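To convert, note that position 395 of the sequence shown is 596 in the working numbering; the numbers rise steadily by one, no gaps. For glycine and all other residues, C-beta sits at the position ideal for the given N, C-alpha and C. Since we're looking at a predicted model, the values are computed, not measured.
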Amino acid sequence: MKFYQMSAAARRAALVESGALTAADAAVLAAAPGLTPAVADSLIENQLGQFTLPLGLARDLRVNGRVYQVPMVTEEPSVIAAASNGARLAALSGGVHVETRPHRVTGEVVFDGVADRTAAAALITARMADLQAVAAAAHPSIVRRGGGLETVTVSTPGRFLKLSLQVDPQAAMGANIVNTIAEAVAAAVGQWLGQPALVAILTNASPQVTTATVTLTAATLATRDVDGETIAARIGALSDLAECDVDRAVTHNKGIMNGIDAAVLASGNDTRAVEAGAQAYAAHTGIYRPLAVWRQTTQGDLTGTLRLPLQVGVVGGAISALPLAQVTKRLGGYTDVATLQAVLAALGLVQNLAALRALAGPGIQAGHMALQARSLAIAAGARDTEIAAVAARLQAVPKDLAHAQAIVAELRKDDAQ
Ligand code: NDP
C-alpha cells in the first residue's frame, strides 16, 4: 500500500520501521499532545485556548544526495501531495542541489538628527573595539558559543546615520540575540553622540541567500496527455511570464511559500520572519520578481533555480518550548541551520515545480478539487466516518456546499433505512 493510502497509525509504523522516526516520537505524534496550560499561557498573551492544525510529511525529498522526510503543518489540501510529487520528479533526475551561505543576522541601530554625520561616522569607526566589548558584555553566552558581533558598518541613508551590525547567532534564528546586542550598542553610541538612537532592532532582510537548483530530464515531466518536452517548454514560458507580470509572480511565489511556510511552521520557527525576508528579496531589484525561475536547456531539459534568504534556527525561540517541534526536528533531520535551510529551499523549489507542471498540463483545479472535496464534506457537516464517502460521491457532481449537504443528508437517510 502507498504511504498516502495508509491510516495515520500505519504511516507512523512505516516510518518507525524505516528508521525515519523513533518509537518514542511516534508515540508523541499519536497522542497529539496539546501544550500544557502553563506553557500555552506563557507563550502568548491573552491566551484563550489552543488552535490545532494537521501535521503531515512530504516524502523522500533528495537534497545534496541525502533523502529527507519533511514535516509540514498546513490547513491547505494538496500542498503536501504536490510537495511529495515534486520531490519524486526531482529525485528521478538526481534531486535538488542546494548551496547555503553562513548563517548571519543583521541588526540596525539608527540615529536621526545627527548634525555632523561624517564626524559621527569617523568616531564610531575609530571605536570598533569598544563596540565589540559592549556587544560581548550584552550577550556573553553567544560569544562563549563561538558567535556574537562580527562587523559594524556605518552608512547614511536619507537623513539618518545607521550602524549595521552583522551577528553570528550560531544555531539560533537570532532575532532576540541581535536585538539584545543592538540595544546595548545603541546605548553606548547614544552616549558618545549625546542623543538616543531612533531605533535598534534586527532587519528581516538578509543578503545570506540560499540557492536551490534542479535539472530535470524532460521525459520525466510528461503528464497523461502532454509530452515532457511540451511541459518543459510551458514551464519555461510560465517562468518568463512571472518575470514580466507581477500578478503571476505573486502567485508563483505564493506557491513556493505554500511549502516553505508549512515546513517552517512545523519546525517551530517564525513564519513571518521567513515570509518578510522572502518577499523583500523578491523585490530587491526594485521590481517584484519570481523567487524561482525555470529555463529549458539546449537539450530540451528543464533547470529551475530558487533563491531566497531563510532566517531560521534549530534552537531557541519556540523550537525548544514546543514538544512537537522537537519531534519534527528529529524527523526532518535538522541537525544544523544549514541543513534546515537546504531542506526548506529544496522544498520550495519542488513545490513550485509541482504547481507549474499542473498549470502546464491538466490545470491546477483537477488535483486541487479532488482533495478539496474532503474539506467541503467537513464544511457540510460530515462526521469522521462519513467524510470519505461524501468526498467520493462529490466527484460525480458539481463540488459545492449545497451538493455536499445533500449528499450528507442522503447518506444518513441510506444509513437510517
Ligand atoms: P532565543 O532568544 O531563544 O535565543 C537563543 C537561545 O538558544 C538561547 O537561550 C541560547 O542559550 C540557546 N542556545 C542553545 N544552544 C545554542 C546554540 N548552539 N547557538 C545559539 N543559541 C543556543 O532565540 P533567537 O535569538 O533565535 O530569537 C528567535 C525568536 O525571536 C523567535 O521566537 C522569533 O519569533 C522572535 N523574534 C523575531 C523578530 C523578528 O523576526 N523581527 C523580532 C523579535 C523576536 P544561551 O542564552 O545560553 O546562549
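Per DSSP, cross-strand counterpart(s) of residue i
i	result
L350	V368
P510	V410
K363	V311, S356
Y269	L262
A373	V516
G505	V415, W495
V274	L256
Neighbourhood of residue i by C-beta, 7 Å cutoff - its chain only, sequence neighbours within 5 removed
i	result
L577	L595, K600, L602, A605
L560	L439
P524	V229, P234
R449	L442, A443
T301	T411, A539, Q542, A543
R346	Q371
A522	V240, L244
R260	F204, Q270, S285, A288
V598	H604
T381	A339, H340
I588	R575, A578, I579
Continuous alpha helix (DSSP H) stretch holding residue i: start and end
i	result
L256	No alpha helix (DSSP H) holds L256; the beta strand (DSSP E) holding it covers 256 to 264.
D446	Premise fails: D446 is in no alpha helix (DSSP H) and is neither H nor E.
M329	329 to 339
Q606	602 to 617
K530	524 to 533
D226	224 to 232
P238	238 to 244
Y482	472 to 483
L422	Segment: none, L422 is in no alpha helix (DSSP H) and carries neither H nor E.
T549	A small correction: the amino acid at residue 549 is Gly; Thr does not occupy that position in the sequence shown. Looking at the DSSP string, the run of the alpha helix (DSSP H) that includes G549 is 538 to 561.
A583	From DSSP, A583 is part of no alpha helix (DSSP H); its letter is neither H nor E.
A218	A quick correction: the sequence has Glu, not Ala, at residue 218. E218 -> alpha helix (DSSP H) spans 209 to 219.
V591	588 to 595
Extent of the continuous beta strand (DSSP E) to which residue i belongs
i	result
I402	400 to 403
Q497	493 to 497
Residue i CB to nearest heavy atom of the ligand NAD below 8 Å
i	result
R346	Here the bound small molecules are the ligand NDP; the ligand NAD is not part of this structure.
Neighbourhood of residue i by C-beta distance below 8 Å, restricted to the same chain and skipping five residues each side
i	result
A291	L262, R263, V297, V415, L417, A547, L550, V551, L554
A337	V344, G349, L350
E384	A339, A401
A581	V591, L602, A605, Q606, I608, V609
A389	D331, L332, V335
L399	V311, F312, D313, F361
P255	V274, T275, E276
D537	A372, V515
M207	A215
E476	M458, D462
Cβ neighbours of residue i in the same chain (closer than 6 Å, five flanking residues each side left out)
i	result
T307	S365, Q367, T404
A224	V217
L293	T421
L545	I461, A464, L511
I488	none
L466	V274, T472
V379	V306, G308, V368, L403
A211	none
L557	I436, L439
V427	G562
G257	M273, I281
Checklist entry - In chain order, which continuous runs of the alpha helix (DSSP H) of length 4 or greater are located wholly inside the stretch 280 to 323? => result Counting only runs of 4 or more, we get 280 to 293.
Next on the checklist: Count Cβ pairs between the stretch 319 to 332 and the stretch 275 to 289 that sit closer than 8 Å; are there 3 or more?
Outcome noted: Taking a cut-off of 8 Å for Cβ pairs, the stretch 319 to 332 and the stretch 275 to 289 do not touch, as fewer than three such pairs fall below it.
Checklist entry - Given 8 Å as the limit, is there contact between the stretch 527 to 536 and the stretch 431 to 442, that is, 3 or more CB pairs closer than that? => result Judged by Cβ distances under 8 Å, the stretch 527 to 536 makes no contact with the stretch 431 to 442, as fewer than three pairs qualify.
Item to check | At least three beta-carbon pairs within less than 8 Å, the stretch 320 to 327 to the stretch 381 to 397 | outcome: A contact exists between the stretch 320 to 327 and the stretch 381 to 397.
Checklist entry - Three or more beta-carbon pairs under 8 Å between the stretch 499 to 506 and the stretch 476 to 486, yes or no? => result Taking one beta carbon from each stretch, the stretch 499 to 506 and the stretch 476 to 486 have fewer than 3 pairs nearer than 8 Å; the two do not touch.
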